[in-house]
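Residue numbers (UniProt numbering): 1 to 120.
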Amino acid sequence: MKFEQLLSHLDSGVCVEQLQKESLLDIALMAQCVCGELKSGELSHILQWANSLDWSTSVSLHTYIEESLEKCLSALKSDRLESFLEHRMQQIEDQPLKETAQFLLNKIRTAKEASIMESV
1 MKFEQLLSHL
11 DSGVCVEQLQ
21 KESLLDIALM
31 AQCVCGELKS
41 GELSHILQWA
51 NSLDWSTSVS
61 LHTYIEESLE
71 KCLSALKSDR
81 LESFLEHRMQ
91 QIEDQPLKET
101 AQFLLNKIRT
111 AKEASIMESV
C-alpha cells in the first residue's frame, strides 16, 4: 500500500518529502484550531515555523496555510477530526517528523477532550 502511494505521488509530480511537510503543517494548524478559533499570535508562531520549511511546490506557503485552515475548521465542524488526523499521519514516513506529529496529536486530543468536558 505504501509503495502504491509513493508511486501515485511520484506520478502526480508530488514530492514525498513535500507531502510530509504539508501533512505536518496540517497537523500543526489543527493543533491550533482545535479549540474552535485561531488567535493571531498562534498563527504568527505557526507562520514563523512554516517559513523555516523548504517549501517546494507551485502553491505558495501562504496560500497553502489559508486553504489548510479552512480544511481544519471544516473537519472540526463536521466532526471529522480523527479521519483528518489519520489521513495526515499516513503521509508521514520520516521518524523525526512522525514523532513531532505524534506530539501534536496528543495535544490535539487533550484539547478536544477538555473542550468536550467543558460543554458537559
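Quick reminder that beta carbons are idealized off the backbone N, C-alpha and C, glycines included.
In whole angstroms, what separates the C-alpha of residue i from that of residue j?
i, j, result
"S56", "L69", "19 Å"
"E67", "S58", "14 Å"
"D94", "H87", "15 Å"
"L61", "A50", "8 Å"
"Q48", "A31", "16 Å"
"K98", "V16", "14 Å"
If residue i and residue j are in contact, beta carbons under 8 Å, what's the gap, nearest whole angstrom?
i, j, result
"L104", "I46", "About 11 Å; that fails the 8 Å criterion."
"Q20", "Q90", "So it is not a contact: roughly 11 Å between Cβ atoms."
"I65", "L85", "The pair is not a contact, with the Cβ atoms about 18 Å apart (cut-off 8 Å)."
Leaving out the 5 sequence neighbours to the left and right, which residues in its chain are closer than 7 Å to residue i when beta-carbon positions are compared?
i, result
"L73", "C33"
"S78", "none"
"A75", "L81, F84"
With DSSP as the reference, label residue i as helix, strand or coil.
i, result
"Q91", "coil"
"T57", "coil"
"E17", "helix"
"residue 131", "A query on residue 131 cannot be resolved here, the shown segment of the chain reaching from 1 to 120 and no further."
With a threshold of 6 Å on Cβ separation, who are the neighbours of residue i within its own chain once the five nearest residues in sequence on each side are excluded?
i, result
"R80", "none"
"K112", "V34"
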